[in-house]
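I have placed the structure first, in the form of structure tokens, so that the comments after it can refer back to it.
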Amino acid sequence: MNTLEIEKKLAKSGFNAKDIAALRMHAKKSGMSFPLLLKELSVRFIASLILVIILTIVWIYTLMYKDSLAIISYSITMLITAPIFYIFTPIRLGYKSFLYTRKK
182 MNTLEIEKKL
192 AKSGFNAKDI
202 AALRMHAKKS
212 GMSFPLLLKE
222 LSVRFIASLI
232 LVIILTIVWI
242 YTLMYKDSLA
252 IISYSITMLI
262 TAPIFYIFTP
272 IRLGYKSFLY
282 TRKK
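Under my numbering, the first residue of the sequence shown carries the number 182, and numbering increases by one thereafter.
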């Protein structure tokens, strides 16, 4: 399957032109094919989702059982780590890639 056919399938699956352009640029830069890139984005999305769930569970535990200083410090930590997850894992593209790879 060539790149044009894959891009048409992506467009039918909910990827907009900006998403496809970003995927194309990253695929050219890294030398990866679209299916491999989509699989990697899907795995990154799942990994970041698991990490966010773990951090949220620890934050809820902190809210319930720790003092106010621990709550404030962990909340600040969450505010710092949330953008890091967003920067290193493009959440929207990861989610769309996850859905696309699940359909296949």
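All C-beta atoms, glycine included, are put in the ideal place defined by N, C-alpha and C.
Mapping the DSSP letters down to three states, classify methionine 213 as helix, strand or coil. Coil at methionine 213, not helix or strand.
Quick check on the DSSP output: what are the complete alpha helix (DSSP H) runs of length 4 or more inside the region 191-253, in order along the chain? Entirely contained in the region 191-253, the alpha helix (DSSP H) runs reaching 4 residues are, in chain order, 198-211, 215-246.
I'd like the span of the alpha helix (DSSP H) that includes lysine 284, first residue to last. It spans 272-284 - the alpha helix (DSSP H) in which lysine 284 sits, taken as one unbroken run.
Any idea if leucine 232 is buried or exposed, counting beta-carbon neighbours within 10 angstroms, 16 or more meaning buried? Exposed, because fewer than 16 other Cβ atoms sit within 10 Å of the Cβ of leucine 232.
Whole angstroms is fine: what's the gap from methionine 311's alpha carbon to isoleucine 241's? Not covered by the structure: residue 311. The range shown for the chain is 182 to 285.
In its own chain, which residues sit with a C-beta less than 8 Å from the C-beta of tyrosine 276, not counting the 5 before and 5 after it? If we look at tyrosine 276 and ignore the five residues flanking it on each side, its Cβ neighbours are Phe226.
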